[in-house]
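Notes to accompany the following structure.
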Amino acid sequence: MIDTSAPLLSVRNLKKSFPIKKGVFGRQVGAVQAVNDVSFDVAPGETLGIVGESGGGKTTAGRAILRLIEPTSGSIKFEGRDVCALDTRGLRAIRREMQIIFQDPVSSLNPRMTIGAIIREGLIIHKLAQGAAADARVKQLLEEVGLRKEYATRYPHEFSGGQRQRIGVARALSVEPKLIICDEPVSALDVSVQAQVINLLQDLQRERNLTYMFIAHDLSVVEHIANRVAVMYLGKIVELATSEDLYREPLMPYTQALLSAVPVADPAARKERIILQGDVPSPANPPSGCVFHPRCHHPAKDEACSRIVPPLEEKAPGHLAACIKQPPTIVSWEQQQQAGGVRPPERYLPIAAVH
Amino acid sequence: MLTPIRGFAALSGAARVALAVLAAIAIVAAFAPLVAPYDPAAQPDIVGAKNLPPSAQHPFGTDPYSRDVLSRVIYGARLSLAIGFLATMVSLTLGVAYGAVAGYAGGFVDALMMRILDALLAIPRLLLLIAILAAWTRLSVGALVLFLGLTGWFGLSRIVRGQVLALTEAEFITSARALGASRRRILARHLLPNLISPIAVAATLGVAHVIVLEVGLSYLGIGVAQPEASWGNIIHDGSDQVATLWWMSLFPGLLMVLTVMMLNIVGESLRDAYDRR
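As structure tokens, this is what we get:
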């Protein structure tokens, strides 16, 4: 049930930079642009996947939306309310509606609290239930995430990674949020357990009409659960499309490379592997122009790519990508030539329609 | 949270025995006036009853002033244990406060506080204490506790700072913030309970360390002053005739070793219990 009339979450020009300090006196010598001018909407009931390599700014973006990290600039609107302008009280109120599930099932649960106390905490903070009513609610939540209600009196170290992640889900659900930011919730789990947790998240979404922002570095995981997918690279969104379009016809060379690395469960399927050269450049010193150009394999790559910052623009209906070499583009060929371009834009789809 | 009872259940068998031995020593020390056969300061016969070897009448012998060594060791336990415990309390308070502030504040404040600590840690504790204590001819026990406490918190504050830093990075703290928990709630429910275990371990080992220090200082003659008895100054009283008056260093020494060993066993076991997740 995706309602596209009004977005639940609307992020515009979000930026977050971390200062790099050196020396005894903490002199600022530079800044890491962890999230650099990111804009997107999330519709109610939708799942927006966010993918990219480590260091791409996915986690920072998720936490900045919850204001667990203060954004440097940009606007975040949740149901029309400006999240950045909220005071402590307003922030507490809105956190009831936005929750987060963490990647690390070990450090995300307080080892000194029972499972019951962990799940109860949200109920108490927001005065949703007390005493026996809270106990009953905790048991109900435990059963809802597929755990036994007797587990309420146990401690986190008694559980496996998958079970701990379910506890984290129950904790997030306790305050009945509308939006849950899932920050790589299955990356630390075994593959078989990953599927269980993803199925649980999907079931809960259907039952409660939840909206997800699903952060992952694994495209095959996101393909399963997301309606739309944003690909992030060095703090920027480089491609944003429905998962169907993205997996069928990835336009941004970075997405193509990521997708070519996804294993296909069909031994007969032959596909080209795009091996990315080198590591992700340091976000403290990102490449000029298109941040991906040093690792790009697009045959039309030229000087212009290192000079012109590619706008995130619509290449096909509802399919946004940031690449001046994938037509159509608003950066004209003349402009590219002026910037040293020698190869005209040309559609390049090395792995299209494999999926 | 690990309650004291749960904590005990988590201890190893050896640690439970050690805890029982410590409790026995503490009880004997607490009821010293009832347990000790003689007044520890009484000198019944300075000529006839001095330097007596252990016998049925004086199981630990007598000292050069004809005082009963057993009684002095029992009263000495009182002082040695009390000094160890109280001085550790002082270090604990200072160390936790300093470390928590540095870890929580971060940035420049943290950097400055840690450099100061580096400087303090560079001074040998025993040497510093000798320099301070030598300035007094008769030092009160209270002042001794204070000085031992004041010089014993450096390492602990390091541990606490590190733990606070690690905890503020932990995702369960972020999660509590995401749930809308107040700063006070995070401090009381998430930060402090997770600090207690490393502090308990450091404190247990700290008591043992202070006991050894006190014995060392009193042996040098600058710790607990006469006629008050402490394990250290009993050894001191017999130190110029160690070979002949062997009972004067053997019994208090053995007791000190026993106590410190038991404390270390308990400390190690506590660490194992807390680290086992």
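Chains as they are written, first to last, in this note's numbering: chain A, 1 to 355; chain B, 1001 to 1277. Backbone N, C-alpha and C fix where the C-beta goes; we use that ideal spot for every residue, glycine too.
- The three-state secondary structure of residue 1052 of chain B, taken from DSSP, is coil.
- Note on residue 1136 of chain B: under 16 other CB atoms within 10 angstroms of its CB, so exposed under the neighbour-count rule.
- Comparing alpha carbon positions, the residue from B:1273, B:1264, B:1271 closest to residue 1021 of chain B is B:1264.
- Residue 1154 of chain B sits away from residue 1192 of chain B, with the two beta carbons spaced by 8 Å or more.
- For residue 1180 of chain B, the closest alpha carbon among the candidates A:68, A:218, A:200, A:291 is that of A:68.
- At the C-beta level, residue 102 of chain A and residue 1171 of chain B come within 8 Å of one another.
- The Cβ of residue 1172 of chain B sits closer than 8 Å to at least one Cβ of chain A.
- Proximity of residue 1193 of chain B to chain A, defined by a Cβ-Cβ separation below 8 Å, is satisfied.
- Per DSSP, the beta-bridge partners of residue 78 of chain A are A:9, A:81.
- For residue 168 of chain A, the uninterrupted alpha helix (DSSP H) run begins and ends at 161 to 173, by DSSP.
- Scanning its chain for C-beta atoms nearer than 8 Å, with the 5 sequence neighbours on each side dropped, one finds around residue 1134 of chain B the residues 1222, in chain order.
- Looking at the DSSP output, residue 19 of chain A bridges to A:31.
- The alpha-carbon of residue 229 of chain A is positioned some 43 Å away from that of residue 1274 of chain B.
- Runs of the alpha helix (DSSP H) lying entirely within the region 1177 to 1249 of chain B and spanning at least 4 residues, in chain order: 1192 to 1219, 1231 to 1237.
- Chain A has no Cβ within less than 8 Å of the Cβ of residue 1103 of chain B.
- Taking C-beta separations shorter than 7 Å and ignoring five residues to either side along the sequence, the partners of residue 1210 of chain B in its chain run 1083, 1084, 1087, 1088, 1148, 1152, following chain order.
- The secondary-structure analysis by DSSP pairs residue 319 of chain A across a beta bridge with A:316.
- For residue 54 of chain A, no Cβ of chain B is located within less than 8 Å of the residue's own Cβ.
- For residue 225 of chain A, the enclosing alpha helix (DSSP H) starts and ends at 219 to 225.
- The three-state secondary structure of residue 351 of chain A, taken from DSSP, is coil.
- Taking the C-beta atoms as reference points, residue 91 of chain A is found no nearer than 8 Å to residue 213 of chain A.
- Residue pairing of residue 212 of chain A in beta bridges, as defined by DSSP: A:47, A:180.
- Residue pairing by DSSP puts residue 73 of chain A in a beta bridge opposite A:15.
- Looking at the DSSP output, residue 98 of chain A sits in a beta bridge with A:179.
- Using a Cβ-Cβ distance cut-off of 8 Å, the region 1102 to 1113 of chain B and the region 1048 to 1062 of chain B are not in contact, since fewer than three pairs of beta carbons, one from each stretch, lie closer than that value.
- Chain A has no Cβ within less than 8 Å of the Cβ of residue 1106 of chain B.
- The residues 288, 289, 339, 340, in chain order, have a CB closer than 8 Å to that of residue 307 of chain A in the same chain once the five nearest residues on each side in sequence are set aside.
- Neighbourhood of residue 144 of chain A in chain B, by CB distance below 7 Å: empty, with the nearest CB roughly 18 Å away.
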